[in-house]
Amino acid sequence: MRPLLAMLRNGWVPLMWLLLLLVAVFSMDQFEGFFRQIEPDARAVIYQRSSFAQLLGKHLLIVGAASLVSVIVGVAAGILATRRWGRDFLPLVSQVASIGQTFPPVAVLALAVPLLGFGSLPTIFALVLYGLLPVLRNTLAGLQDVSPTVIEAARGIGMSPLQSLFKVELPLASVVILAGIRTSVTVAIATAAIGSTIGASTLGDPVIAGLVNGNTAYVLQGAILIGLLAVLIDSMFECVQQWFAVQQGRAQ
């Protein structure tokens, strides 16, 4: 009952952040006076090389593509590493995923550009490397926390290993797995801004332009949009997690 009440109580939070994000995207020029106070000597204080709506859309496409790959690979690797025939590879899988987060994003981009060129592709590659570990780690934790007794009970009523995985193990591990996906996507939203340094069109464009030209107003505009987007997505994941928690409570 408590997760359900929390979900209903917090349901308005994503709507609030969505409204603030839309206001910032479509009404940034209305705050020109505020940004003029920050940069009184700048020729222009509102970033105008691309519309904020276009930058938001491209930012979401890059983050969405990278997150999709991270989730598919991370969950699949976690499932394989927790099967009987794959447990020997568990340390290797964890180490490989961890290595991806030891390199700074800028270094990954620098290494990827000669192979993948400039633009969105190397940015997606870097985000996939950074997004794998949280998804994989939580998939492993969620599946390993499922009681062996529950799995044996599923087998006892005639479920195949595949049926047990999809009807018992994954549903029980869903809240933990979602927490990893939530972390992965939130980190990707912030990290994607660095892609603007290699020609990817993201919400990092105003930030990079502001740093290059010494325009703090540009930097602030990009930072506000990235921050609002990250908080919006995070609050949406929180509601989804609470919904899954309610479903688990009903199942039990």
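Each position in the sequence shown, counted from 1, maps to that position plus 5 in my numbering. Glycine included, every Cβ here is placed at the ideal spot set by N, Cα and C.
Query: If contacts are defined as beta-carbon pairs under 8 Å, then leucine 132 and alanine 193 qualify, I think. What distance do you get, rounded to the angstrom?; Result: 5 Å
Query: Using a 10 Å radius around the Cβ and a threshold of 16 neighbouring Cβ atoms, would you call alanine 58 buried or exposed?; Result: exposed
Query: For a test of the three-state rule: what should DSSP assign to valine 50, helix, strand or coil?; Result: coil
Query: Can you confirm whether the stretch 184–199 touches the stretch 159–170 when touching is taken to mean that 3 or more C-beta pairs between the two stretches lie within less than 8 Å?; Result: no
Query: Going by Cα to Cα distance, which pick from Ile129, Ala178 and Val151 is closest to leucine 66?; Result: Ile129
Query: Tell me the rounded alpha-carbon separation between isoleucine 213 and valine 50.; Result: 14 Å
Query: Which of the three DSSP states, helix, strand or coil, is assigned to threonine 107?; Result: coil
Query: So the alpha helix (DSSP H) lysine 63 belongs to, where does it begin and stop?; Result: 57–86
Query: Distance check for aspartate 34 and isoleucine 238, CA to CA, integer angstroms please.; Result: 24 Å
Query: I'd like to know if the stretch 92–100 and the stretch 35–44 are in contact, where contact means that at least 3 CB-CB pairs between them fall below 8 Å.; Result: no
Query: How many angstroms separate the CA atom of arginine 54 from the CA atom of glycine 62?; Result: 15 Å
Query: With a 10 Å radius around its C-beta and 16 neighbouring C-beta atoms as the bar for buried, classify glutamate 157 as buried or exposed.; Result: exposed
Query: I need the DSSP call for phenylalanine 31, collapsed to helix, strand or coil.; Result: helix
Query: So for phenylalanine 123, helix, strand or coil by DSSP?; Result: coil
Query: Phenylalanine 31: which of Phe242, Gln226 and Val245 sits nearest, CA to CA?; Result: Gln226
Query: Give the single residue among Leu177, Ala71, Gln168 and Leu145 whose Cα lies nearest to the Cα of glycine 91.; Result: Leu145
Query: Where does proline 153 land, buried or exposed, given buried means 16+ other C-beta within 10 angstroms?; Result: exposed
Query: Take serine 179 and list the residues in its own chain whose beta-carbon comes closer than 6 Å to its own, dropping the five residues that flank it on each side.; Result: Phe249
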